[in-house]
Amino acid sequence: MTVFALIIINKAGGLVYNRSFSDGGLNKLSTNDYLVLAGTFHGVHAITTRLNPVKTPPTAPAPVPGMLTRPEPPSGLEVLESENFRLQCFNTMTGTKFLLFTDTTQANVDVTMRRVYEMYSDYVMKNPFYQLEMPIRCDMFDRKLSSYIREINNR
Amino acid sequence: MTIYSFYIFDRHTECIYSKTWIPSEAPGGLTTTTTNGAVSADRRTSTKAGDDAKLIFGTVFSLRNMVRKLGGDDDAFISYRTGQYKLHFYETASNLRFVMLTDTATLSMRNVLHQIYINLWVEYVVKNPLSPVEHRGGDGVKNELFEYGLDQFIRGLM
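Note that the protein sequences, when read in sequence, are chains A and B. Using full-length UniProt numbering, the final residue of the first sequence is 155, and nothing's skipped along the way. Using full-length UniProt numbering, the final residue of the second sequence is 158, and nothing's skipped along the way.
Right, dumping it as structure tokens:
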């Protein structure tokens, strides 16, 4: 069980956080390649949303009369599998994407993802010096994330 | 298990075969649409299918390159899943790409795509002496045996 890396992409497709946790597993790329990767993934994610072959069922009647409801929008790419790794993508309500690269046998990635998102909310969003949509440079977030992932990788 | 559609792309990035199985309103009924290149009677659906094929090619091409970059040259992109559907990918050594869209609960279809390549593509398209080497606009793929075999194979899985 190994978590290889975490990438956070802002709502405009820019790379704001990039961290690898274990040596092996994934190739090391240059910073420029990571930026390209983030931008590409952002575009592909939008396309995968549009490719939905399933017809949306007719909208359910509103629970409260007069209340407007809209169907759940189709989600984009959630899990990608390759021979060497597995990529889990979590898209927040505001469009920030969390990409977690793990080995192919990793279980309960949802739980890990949720915990990472909680840490992001606690140590990045609540940091008064953090500028929105800018690269994340928060020591507290780095530290907590390291210790949490180390715990998973050593399990 | 539901299979929505199936695409073949050649090494020139062209969509040489596509077929969709759309569950119709009547229970147990299935409607199928086949497109080879730009040949289709219904103008509107053919454009839609053509656009979808281009989008799918762009997606698998980008994801395959991303996977190769991160996982090394021997790594291969297998599938991705969204909340609504799952896309399976298989690439042969000659850069022929097979893509299949199914529902999310389906397990890996890589062996199924491999079977289609071995048992249908090689048997009915490659071994056909009348079939051209390059399938420009879907030439040679629109072949009764291949289409019938594929339809039977897919319906057998569903």
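Glycine included, every Cβ here is placed at the ideal spot set by N, Cα and C.
Residue i, buried or exposed, once every other Cβ within 10 Å from all chains shown has been counted against 16
| i | result |
| --- | --- |
| S5 of chain B | buried |
| V111 of chain A | exposed |
| F141 of chain A | buried |
| I118 of chain B | exposed |
| S18 of chain B | buried |
| V122 of chain B | exposed |
| V99 of chain B | buried |
| H12 of chain B | exposed |
| K86 of chain B | buried |
| A49 of chain B | buried |
| A38 of chain B | Reliability of the predicted coordinates at A38 of chain B is poor, the pLDDT of 44 falling under 50, and the value obtained from them is presented with this limitation in mind. Exposed, since its Cβ has fewer than 16 Cβ neighbours within 10 Å. |
| H42 of chain A | buried |
| A41 of chain B | Since pLDDT at A41 of chain B reaches only 43, below the 50 mark, its modelled position is unreliable, and the value read off the structure follows with that caveat. By the 10 Å Cβ count, A41 of chain B comes out exposed. |
| T31 of chain A | exposed |
| M109 of chain B | buried |
| G95 of chain A | exposed |
| N154 of chain A | exposed |
| M66 of chain B | buried |
| R150 of chain A | exposed |
| A5 of chain A | buried |
| R81 of chain B | buried |
| V64 of chain A | exposed |
Short CB-CB distance (under 8 Å) between residue i and chain B
| i | result |
| --- | --- |
| N27 of chain A | yes |
| residue 156 of chain A | With chain A running from 1 to 155 in the structure shown, residue 156 of chain A is simply not present. |
| G98 of chain A | The sequence as given places Phe at residue 98 of chain A; Gly does not occur at that position. So no, F98 of chain A is outside the interface. |
| D139 of chain A | no |
| V124 of chain A | no |
Beta-bridge partners of residue i, as assigned by DSSP
| i | result |
| --- | --- |
| H88 of chain B | B:S79, B:M100 |
| V3 of chain A | A:T102 |
Residues that residue i contacts on chain A, provided the C-beta gap is smaller than 7 Å
| i | result |
| --- | --- |
| V67 of chain B | S82 |
| D52 of chain B | L51 |
Neighbour list for residue i in chain B, Cβ cutoff strictly below 7 Å
| i | result |
| --- | --- |
| E78 of chain A | R81, T82, G83 |
| V44 of chain A | T59, S62, L63 |
Chain A residues whose Cβ lies nearer than 9 Å to that of residue i
| i | result |
| --- | --- |
| I56 of chain B | I47, L51 |
| T92 of chain B | None at all; the shortest Cβ gap to chain A is about 15 Å. |
Cross-chain neighbours of residue i in chain B, by beta carbon under 8 Å
| i | result |
| --- | --- |
| S75 of chain A | T82, G83, Q84 |
| D33 of chain A | K69 |
Contacts that residue i makes with chain A (C-beta to C-beta distance below 8 Å)
| i | result |
| --- | --- |
| T47 of chain B | Result: empty, since nearest Cβ-Cβ is about 15 Å, beyond 8 Å. |
| D75 of chain B | S82, E83, N84, F85 |
Partner residues on chain C for residue i, Cβ-Cβ distance less than 7 Å
| i | result |
| --- | --- |
| T40 of chain A | Within the model displayed, chain C is absent; protein chains A and B are what it includes. |
Below-8 Å beta-carbon distance, residue i vs any chain A residue
| i | result |
| --- | --- |
| I78 of chain B | yes |
| T59 of chain B | yes |
| M1 of chain B | no |
| Y4 of chain B | yes |
| L101 of chain B | yes |
| G37 of chain B | The predicted position of G37 of chain B is uncertain, since its pLDDT is 49 and thus under 50; a value taken from the coordinates is nonetheless stated next. No, its Cβ sits nowhere closer than 8 Å to a Cβ of chain A. |
Under 9 Å from the C-beta of residue i: neighbouring residues of chain B
| i | result |
| --- | --- |
| L37 of chain A | M66, K69, L70 |
| V109 of chain A | Those do not exist, as V109 of chain A stays about 13 Å from chain B at its closest Cβ, beyond 9 Å. |
### Query
Which parts of the stretch 7-89 of chain A are runs of the alpha helix (DSSP H), unbroken and 4 residues or longer, counting only runs that do not cross its ends?
31-50
### Contiguous alpha helix (DSSP H) assignments of at least 4 residues, all confined to the stretch 90-155 of chain A
109-120, 139-153
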